[in-house]
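Q: Attaching a single structure in structure tokens format; questions to follow.
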Amino acid sequence: MEQVYLHYYENSIHFSAIDGISLEFEGWRFNLRDSNTEPLLRLNVESKQNIALMNDKVEELTKLIKKLDI
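Letter 67 of the sequence shown, counting from 1, is numbered 67 in full-length UniProt numbering, and no numbers are missing.
Shown next, in the form of structure tokens:
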């Protein structure tokens, strides 16, 4: 998860390491964390009234996570 943080932190306006990593940007945010009950990562992406942006960021993050083999 550190690699994802390093990829995004410069453009973020807020960061939290509580319950995984959470980064907030202008108009969208995401949380990435290990599941407490299953051997997998959980990704939550939210956007303020911009579904296209949210979908783009889900795709972008998913590709990065797969590339990094997290």
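We put the CB at the ideal spot given by N, CA and C, even for glycine.
Since the model is a prediction, treat every value here as computed from it, not as a measurement.
Just to check my reading of the structure: residue 32 and residue 1 have Cβ atoms closer than 8 Å, yes? What is that Cβ distance to the nearest angstrom?
A: Counted from its first residue, the sequence shown places residue 32 at position 32. Counted from its first residue, the sequence shown places residue 1 at position 1. Indeed, because the Cβ distance is near 6 Å, the residues count as touching under 8 Å.
Q: Just to confirm before moving on: does the CB-CB distance between residue 4 and residue 21 stay below 8 Å?
A: Looking up residue 4 in the sequence shown gives position 4. Looking up residue 21 in the sequence shown gives position 21. Yes, these two residues count as a Cβ contact at 8 Å.
Q: Report back the beta-carbon spacing between residue 50 and residue 30 to the nearest angstrom; my notes put them in contact at under 8 Å.
A: Residue numbering aside, residue 50 sits at position 50 when the sequence shown is read from its first letter. Residue numbering aside, residue 30 sits at position 30 when the sequence shown is read from its first letter. Actually they do not touch by this definition, with Cβ atoms about 14 Å apart.
Q: Return the Cβ separation of residue 14 and residue 24 in integer angstroms, given the expectation that the two are a contact with Cβ distance under 8 Å.
A: Taking the sequence shown and counting its residues from 1, the one referred to as residue 14 is at position 14. Taking the sequence shown and counting its residues from 1, the one referred to as residue 24 is at position 24. Confirmed, about 4 Å.
Q: If residue 41 and residue 65 are in contact, beta carbons under 8 Å, what's the gap, nearest whole angstrom?
A: By one-based count along the sequence shown, residue 41 stands at place 41. By one-based count along the sequence shown, residue 65 stands at place 65. About 7 Å; that satisfies the 8 Å criterion.
Q: Kindly indicate which three-state DSSP category residue 59 falls into: helix, strand or coil?
A: Start at 1 with the first residue of the sequence shown, and residue 59 comes out as number 59. Three-state DSSP puts residue 59 in a helix.
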